[in-house]
Amino acid sequence: MLKGIWSLFSFQQGSLRQRIFKGYLIPLILFLIVAGLVYFIGVQPVQQQVKNVDQIYGEIEEVNNLAFSIVAMQRAARGYILGRDSRELEEYEEWDTLFYEQSENLRSRIQETEQRQTLDRIIAIGDQVNEFDRRLISYVQLGRPEKVTEVLQKAEGQAITDQLEQLVRGFEATKRQQLNNQQNRQINLLRWLTILIFGSTAICAVVVLSIGLGISATIDRETAQISNSSLEITSALEEQERSLGVQATSVNQTTTTIDELNAAVQNSTEQAKIATDEAHRALGLSEKGSDAVQQTLDRMELLRQTVEAIANRSLELSEKSLQINNIARSVSNLAYQTNLLALNASVEAVRAGQQGLGFGVVALEIRKLADRSKQSAAEINTLVLDIQNAINTTVKVTESGKLSVSESVKSAHNMSSSFAGVSQAFHQVYLNNQTIARTAEQQLLALQQVSEAMNSLNQVARQNADSIALLRANTQRLNESLINLR
Amino acid sequence: MKTTNKSSKSVDKIPQICYKCGRFHDGNSDSGDLSVNLSYAVTKGLNHPRMLSKHSIRRRQFLLGLAGTSALGILSNCAASPDPNSQGNLSGVILEKTQLRIGFLPIACATPILICESLNLYEKYGLDVELVKMNNWEQIRESAISGELDAYHMLSPMPIAISLGLESRRFPIRLASIENINGSAITVAIKHREKVKTAEDLKGFRIAIPFTHSMHNLLLRYYLANSKVHPDRDVELVVTPPPNMVNRLRSGEIDAMVAPEPFNQMAVNQGLGFIHILTRDLWPGHPCCSFTTSQEWIERHPNTFRAINKAIIEGSYYASQSQNRIDVARRLAQLQYLDAPEDTLRQVMTGQFVNRLGESLNIPDRIDFDPYPWKSFSYWITSQFERWGYVPMGSLNHEAIAADIFLTGLARQMAKQLGQQPPTITLRFESLKFDTFDPSEPENYARQQIEKLGF
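Chains as they are written, first to last, in UniProt numbering: chain A, 1 to 486; chain B, 1 to 455.
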């Protein structure tokens, strides 16, 4: 508990707010204490004094009033006794009531023994006067006015009045003395009060100043620290802003790049599509080529067969030519023998002379025919030779044709297989292209997503930039505030 | 007719206790009565140059805003705006003592003291009163002198006798108010019914009196003497505690008794005696008992004394109202009070009774209640003290004794505060059966009686 209270006042602990609170609390408590002191030592007693003074004045006045009531009562009684005016009696009763009320009031207010005794004596005198006057009034009402004179001649009343005056004077003197004492006390108290107030104000001022200085030092320290921190924050913010700018640029660039990439991918997708189409066409073409090669191949076969047939015919031809050649030679040999026989026939015809002349002329013609047959045989021979040559050449050509056909077939086969390879390759290309196109599409999608992400990144970056700008403005204001705080 | 502190106007009306301001008010007027009176006084005070001081007091009190210790302020407050919780006593006045013990004898004379308890009037004035029932007057006297209790019910001559030191140590007792007026009678044993017609017929009787210093004794003496019967020689007076009187009458120990009520009516109702004469017929409105306390006690407890005094005067006023008498009888019949038959008490209180002489009587003031202590009462009593040799003839200053012992002024102030109109004067001619008492010449009365009667 005590610890708790002490911790409330231990100045080193707690936040600045708590410290300020404590700092204010201490002078506040001091002021409260002082106020309490001022009230209890100063104001209340002074009030009490004032009250006392008022009371004393009041008491003096009331005692005077009381005495006056007694005298008035007496006067009313005398008035009645002399004038027999019943209104005087009414007045008498009023003064009597007033006297009683005054005496009761005073009795309850005055407690000091000495004064109380004086008061009691004054009241007793009043009672006596009352008693006496009522007796006199009674005598008058009983029709015994002479009794009044008789009683009054004994001067019972006069002594009472004198005594009363003396008592009132005494009371008043005592009260005046009391009043002076009260006033002196009051002056002293007021002096004390002044000292107390100024003193306490000074103490409070010192305390408040010291506490204020302490707090202000703390605030300065803290402000400086805050200022530094703020500056650091500012620079950090600036840096961050910068990097954010860079980031934004990068993002922009990236976005652009991605856009380009997007375009490229779109392009490549299209191209891949085109390529696919082309590949497809090429595939078709290559298939056509392959068919053509097949046809060529088929034709080649036909050609080869034709060439072989040619070769075979050529050989037949060659053999036939040889046979021709042999026939021609046989003809030539026959022509030659015919010619020798026709010469022998012409030599015998000549010998036969004119009966061998018409046979010498037929044997010349036979010889001539024989010569021409020899010549045609020769020519056929040459022709057969030529044909032989041609056939040889043809065979040779056929052979080469055959060779070239087979080579062609071979190459056609090669071509065909090449075409098949091409076709396969194209097919592969087509497939690949299709894959490429699909991939490109996916890529495009991904790129769009990336682009969107980039856009949002861009937006966020912009917002970030805005926030940082705001933050920087705030920090700026904070700095200004801190400058004000110093 | 009795001379009371009530105006004839208020008698006709039905007074009621106003529980708001603790006063009795007339039935057809409200609490404005007093305020009218007061405001009249204040208005008059404003206009009357000699009343200026009163006004200045009020103004001063108002200006200072002092705690209302002023009786004036409180009085006017109570009158102007009755506070339902207001105490009957002067609020702001500190009672020196609140737990009081009051000694009383169980007789109808004690009615105001008893009715105050029954009506909670003591509480109203901030008092816690214990009533102590006593057996006889000597016991009360000794108790008072020893200071055992706070206040006492006494016979009216007792405070004078005790203050003068007659038959006892001299001890100043003060009479605060008269408990009752009238309310006693000379009752003669039934066996003397035929014989006793006048006072002279009482000759040779053994007559019980409650106490030497009692109105009963003094009135009996007055009655006998005026009939030429010497009370010391021709009859035998025996002091008998009132509660024993009926029994003594029954046993024949006494021939007659001068008894307080309800013993006369009780003797009549029991067939033991008949009422020869009411003391009311000897001295209409004579004092009987009183409410007293010692001077010393008053000095020590001035505020308490005023409170109790006021309560008793208020109770007295309640009992004085004829319409309350049946209620008073009912209340007093209770064990802790008179412990007497209610019908007997009703006969006493209403004054409608049979006296065993064949007469049905209606005497509303057979017993009555008027607290005002007339000084002439005291004068008469002290004159009779001289007359019968209790003190030497001419030795008493009747005026001074009355001034000291009868606190008429205070009783008047209490009555005034209760809104009553007590008399201004303190002396009156007392009209007795055989003469008139002139209070202006009290010293001559006894001498004249002796001269007239020869003893």
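For every residue, glycine included, the Cβ atom is placed at its ideal position computed from N, Cα and C.
Query	Result
From residue 438 of chain A to residue 242 of chain A, what does the alpha carbon distance come to, in whole angstroms?	41 Å
Chain B partners of residue 154 of chain A, CB-CB under 7 Å?	Simply none; closest approach about 11 Å.
Does the distance from the CB of residue 182 of chain B to the CB of residue 367 of chain B come in under 8 Å?	yes
Measuring CB to CB, does residue 162 of chain B end up less than 8 Å from residue 260 of chain B?	no
With a threshold of 16 other CB atoms inside 10 Å of the CB of residue 51 of chain B, please say whether the residue is buried or exposed.	Note that residue 51 of chain B scores 41 on pLDDT, short of 50, meaning its location in the model is unreliable; the coordinates nonetheless yield the value given after this. It is buried - the Cβ of residue 51 of chain B has at least 16 other Cβ atoms within 10 Å.
With distances taken from CA atoms, which of B/117, B/100, B/184 is nearest residue 147 of chain B?	B/100
Check whether chain A comes within 8 Å of residue 302 of chain B, counting only Cβ atoms and requiring the distance to be less than that.	yes
Which whole runs of the alpha helix (DSSP H) in the region 235-274 of chain B are 4 residues long or more, in chain order?	242-251, 263-269
Note down, in chain order, each residue of its chain lying with its Cβ closer than 8 Å to the Cβ of residue 62 of chain B, except the 5 sequence neighbours on either side.	Any reading at residue 62 of chain B must be qualified, since the residue scores a pLDDT of 39, below 50, and its modelled position is unreliable; the value itself is stated next. For residue 62 of chain B, where only same-chain residues beyond five positions count, there are no Cβ hits under 8 Å.
Taking only the alpha-carbon atoms, compute the straight-line gap between residue 179 of chain A and residue 49 of chain A and give it to the nearest angstrom.	10 Å
Would residue 212 of chain B pass as an interface residue toward chain A - the criterion being a Cβ-Cβ separation below 8 Å?	no
By the criterion of Cβ-Cβ separation under 7 Å, what are the contact partners of residue 429 of chain B in chain A?	142
Does the beta-carbon of residue 343 of chain B, which I'm using as the reference point, lie nearer than 7 Å to any heavy atom of the ligand NAD?	Absence of the ligand NAD from the depicted structure is noted, as is the absence of any ligand whatsoever, leaving it without description.
Do residue 89 of chain A and residue 100 of chain A count as a contact pair if the criterion is CB distance below 8 Å?	no
Return the chain-ordered list of same chain residues with a C-beta closer than 8 Å to the C-beta of residue 105 of chain A, the five sequence neighbours on each side being excluded.	62
Quick one: grab the DSSP three-state call for residue 107 of chain B.	coil
Are the region 45-59 of chain A and the region 71-85 of chain A touching, with three or more C-beta to C-beta distances below 8 Å?	no
Tell me the DSSP bridge mates of residue 162 of chain A?	None; residue 162 of chain A has no bridge partner.
Mapping DSSP to helix, strand and coil, what is residue 354 of chain A?	coil
Listed in chain order, which residues of the region 341-370 of chain B have Cβ atoms closer than 7 Å to some Cβ of chain A?	none
If you reduce the DSSP assignment to three classes, tell me which class residue 84 of chain A lands in.	coil
Looking only at its chain, what residues have a beta carbon closer than 8 Å to the beta carbon of residue 281 of chain A, apart from the 5 residues adjacent to it on each side?	none
Could you give the distance in angstroms between the alpha-carbon of residue 369 of chain A and the alpha-carbon of residue 400 of chain A?	43 Å
Quick one: which chain B residues come within Cβ less than 8 Å of residue 139 of chain A?	427, 440
Step through the CB atoms of chain B and report whether any lies within less than 8 Å of the CB of residue 525 of chain A.	Because chain A spans 1 through 486 in this model, residue 525 of chain A falls outside it and cannot be assessed.
Are the region 334-343 of chain B and the region 151-171 of chain B touching, with three or more C-beta to C-beta distances below 8 Å?	no
Exposed or buried, which one is residue 407 of chain A when buried takes at least 16 other CB atoms within 10 Å?	exposed
Please list the residues of the region 94-120 of chain A that have a C-beta atom closer than 7 Å to any C-beta atom in chain B, keeping them in chain order.	94, 97, 98, 100, 101, 104, 105, 107, 108, 109
So with Cβ pairs under 8 Å, would you call residue 409 of chain B a contact of chain A?	yes
8 Å is my cut-off, CB to CB: does residue 310 of chain B come that close to chain A?	no
Determine the extent of the alpha helix (DSSP H) in which residue 152 of chain A is found, giving its start and end residues.	145-153
May I ask you to list, following chain order, the residues of the region 178-195 of chain B that have a beta carbon less than 7 Å from some beta carbon of chain A?	none
Just by C-beta distance, which residues in the region 120-137 of chain A are closer than 7 Å to chain B?	127, 130, 131, 134, 135, 137
Roughly how many whole angstroms lie between the Cα atoms of residue 53 of chain B and residue 115 of chain A?	Low confidence applies to residue 53 of chain B: its pLDDT is 40, below 50, so where it sits in the model is not reliable, and the reading given next is rough at best. One C-alpha to the other measures close to 22 Å.
Looking only at its own chain, which residues have a Cβ that is under 7 Å from the Cβ of residue 70 of chain A, when we skip the five neighbours before and after it?	99, 125, 126, 129, 164
Using the Cα positions of residue 452 of chain A and residue 480 of chain A, report the straight-line distance between them to the nearest angstrom.	41 Å
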